[in-house]
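Colleague: In full-length UniProt numbering, the protein residues as written are 1 to 137. Please find one structure pasted underneath; my questions will follow.
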């Protein structure tokens with residue numbers, strides 16, 4: 001692929017999208033740091049961070065270009081495998097990761113509800129859980 005080809009920048013355009021999506025997930029997680037009595041966040045919050053791991057493909061390409069080597073070497077494999085493994089962990093274990101994150105911030109799990117997307121509700125350790133909302137509320 002030639003340098004001037006727009007197809008060569010597909011992963012860079014995706015990275016901008018992934019950064020924006022991760023920013024949206026970060027806004028949800030910031031609610032735990034505000035000290036609110038209860039927090040409701042989407043269960044897919046850590047999936048947003050997993051999208052950043054997909055950029056490991058492009059990072060491995062950059063390493064290969066800098067090394068000017070055609071055969072994949074150990075460093076390219078490591079730069080590729082660790083971000084992809086991070087993405088897989090975030091995609092598969094998004095719900096449990098969210099519960100661990102909430103527990104580390106002093107919140108306990110109350111309920112999961114949702115119509116189209118699962119929303120998790122957490123409350124402070126010493127506070128009572130809010131009433132579970134129904135679909136459409």
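Beta carbons are placed, not taken as given, at the ideal position from N, Cα and C, and that holds for glycine.
If I follow the unbroken beta strand (DSSP E) through residue 40, where does it start and stop?
Modeller: Note, residue 40: beta strand (DSSP E), 38-42.
Colleague: How many angstroms separate the CA atom of residue 49 from the CA atom of residue 72?
Modeller: Going from the Cα of residue 49 to the Cα of residue 72 covers about 27 Å.
Colleague: Buried or exposed for residue 128, going by 16 or more other Cβ atoms inside 10 Å?
Modeller: It is exposed - the Cβ of residue 128 has fewer than 16 other Cβ atoms within 10 Å.
Colleague: Are residue 39 and residue 107 touching if we call contact CB-CB under 8 Å?
Modeller: Yes, the Cβ-Cβ distance between residue 39 and residue 107 is below 8 Å.
Colleague: DSSP state of residue 9, grouped into three classes?
Modeller: DSSP places residue 9 in helix when its eight states are reduced to three.
Colleague: Using the three-state DSSP reduction, which class does residue 111 fall into: helix, strand or coil?
Modeller: The answer is strand: DSSP assigns residue 111 an E or B state.
Colleague: Hey, how far is the Cα of residue 81 from the Cα of residue 12?
Modeller: Distance between the alpha carbons of residue 81 and residue 12: 19 Å.
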